[in-house]
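Reviewing the structure listed below.
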Amino acid sequence: MKVITDIENYTLTQSCVLTIGTFDGVHVGHQKIIKKLVKQAHKQNQLAVVLTFFPHPRMVLQKDQSLRLIDTMEEKQNHLAALGVDVLVVHPFSKAFSRLTALEFTRDILVNRFHIASLIIGYDHRFGRNREATVEDLIELGTSYDFSVKKIEAQEIASVNVSSTKIRKALEQGDLKIANSYLGRTYTLTGTVRKGNGIGRTLDFRTANLEIQEEYKLLPADGVYFMETSWNNTHYYGMMNIGVRPTVSGDPKHTIEVHLFDFEENIYHQKLSVSILQMIRKEQKFNSLELLKDQLEKDRLFCLEKIKTLNA
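This note's numbering numbers the first residue of the sequence shown as 61 and each following residue consecutively.
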């Protein structure tokens, strides 16, 4: 998949089938749209193109800096590539861009820049300055500029009954069963392994401290999780703590500590992606390190039982 930053850098001349959206999480609802896009484009020997935006429009128009996203841009790229998208265009969203009229957006971007043959869009999509135009307006513009519009009907989207907002809420509650079912995959955290303060080693639970650069990435609720990962083409299970470590330091900054079973590799400064399978318990404060160690052993045994079930 070719990734292009900024609409102005799009110079391809082949006609395309295009869809537009933030696609946060690339969840099962998004996947229905993307699969339609790819199928139609490739059937007609055209490019399957996705136009998305960063920062998220809410961060710009509503100045909502508290918004956390399901995927980093790299993760979104990987999910879209796996679905067969040919070109992903990531446009820097700005107030100036939001002020384009519906006509300007259609004529200057969709037609003259992307050379679209067809547009696939949700039934409730609105676009142009002040969200002035509807899908019906797009259909009318398509007649004038010789492109078709495929509207994803309400019942098609409703049949999936999923949204990025629902997924964010499930993650904030630590409900990985719901979040993963809506995503159609396991929720993933990707970061760089950094040195910690060595407390895990003293408890006989050596941990890799995962540092995520993207501050907008949504972390699940504070707690202990059952997870899995792959390293050097080998699969590992483990457990992970997300939180402020109240027993050890009460650090105001959230940390992500990963303990992998039967793993002795030195992975400092390496990138690691972990897939979260289930919350084990909420984070809690213990009166001593010995009590914390006892609980961690119980958590480990819980995970080992889960592994037996998965591998049965």
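Yeah, the Cβ is synthetic: ideal placement off N, Cα and C, and Gly gets one too.
Whole-angstrom distance between residue j and residue i, CA atom to CA atom
i	j	result
Glu196	Leu179	12 Å
Ala372	Phe362	16 Å
Arg159	Gln100	31 Å
Asn221	Val308	42 Å
Thr267	Val318	5 Å
Ser223	Ser348	42 Å
Gly192	Asp206	For clarity, residue 192 is Glu in the given sequence; the question names Gly instead. Cα-Cα distance, rounded: 21 Å.
Lys345	Lys136	35 Å
Glu164	Thr71	18 Å
Ile367	Thr246	16 Å
Phe157	Ile64	17 Å
Tyr297	Tyr242	23 Å
Glu134	Gly256	26 Å
Arg173	Met300	46 Å
Ser333	Gln122	32 Å
His295	Glu288	7 Å
Thr203	Gly188	18 Å
Glu357	Arg305	17 Å
His151	Glu365	46 Å
Lys226	Ala239	8 Å
Asp354	Ser335	25 Å
Residues near residue i in its chain [Cβ-Cβ closer than 8 Å; skip 5 each side]
i	result
Leu140	Met61, Phe83, Val86, Ile94, Val110 and Leu148
Ala177	Ser75, Cys76, Val77, Gln104, Gln106, Phe207 and Ser208
His102	Ala108 and Gly144
Gln330	Thr252 and Val253
Arg128	Arg228, Tyr276, Lys277, Leu278 and Leu279
His314	Leu279, Asp282, Ile302, Gly303 and Val304
Glu213	Tyr183
Which of helix, strand or coil DSSP assigns to residue i
i	result
Gln355	helix
Gly283	strand
Glu350	helix
Lys210	strand
Val145	coil
Met299	strand
Thr203	helix
Lys366	helix
Val171	helix
Ala162	helix
Lys136	helix
Glu196	helix
Leu54	With the chain covering 61 to 372 only, the question about residue 54 has no answer from this structure.
Ile130	coil
Glu324	coil
Val120	helix
Asn292	coil
Ile190	The residue asked about is misnamed: residue 190 is Asn in this sequence, not Ile. Three-state result, Asn190: helix.
Glu275	coil
Cutoff 6 Å; reference residue i; Cβ partners in own chain excluding five residues on either side
i	result
Leu198	Val209
Lys342	Gly283
Leu143	Ile94
Gly251	Leu270, Glu271 and Ile272
Gln338	Leu236 and Phe286
Leu352	Thr307 and Phe346
His90	Phe83
Val171	Tyr205
Own chain residues within Cβ distance below 7 Å of residue i, not counting five before or after
i	result
Gln125	Met119
Thr73	His175
Glu68	none
Lys211	Ile181, Tyr183 and Val195
Gly81	Thr112
Phe265	His319 and Leu356
Leu97	Val77, Thr79, Ala108 and Ile180
Phe153	Phe113, Phe114, Pro115, Pro117 and Val120
Phe321	Tyr296, Tyr297 and Gly298
Residue range of the unbroken beta strand (DSSP E) whose run includes residue i
i	result
Ser178	Ile176 to Gly182
Arg254	Tyr247 to Arg254
Ala108	Leu107 to Phe113
Ser224	Not the beta strand (DSSP E): Ser224 falls in the alpha helix (DSSP H), residues Ser224 to Glu232.
Ala80	Reading off the sequence shown, one finds Ile at residue 80, where the question assumed Ala. Start and end: Cys76 to Ile80.
His102	His102 -> not in any beta strand (DSSP E); alpha helix (DSSP H) instead, spanning Val88 to Lys103.
Lys62	Lys62 to Thr65
Lys345	Segment: none, Lys345 is in no beta strand (DSSP E) and carries neither H nor E.
Asn269	Ala268 to Glu271
Residue interval of the alpha helix (DSSP H) (run including residue i)
i	result
Phe157	Lys155 to Ser158
Lys237	Leu236 to Leu243
Near the ligand NAP: residue i beta-carbon under 8 Å from a heavy atom
i	result
Leu243	The ligand NAP is absent from the structure shown, which contains no ligand whatsoever.
Chain C contact for residue i (CB, 9 Å cutoff)
i	result
Leu332	Going by chain labels, chain C is absent from the structure shown, which holds only one protein chain.
Touching by the beta-carbon criterion (3+ pairs, under 8 Å), the segment 230-243 and the segment 322-333: no
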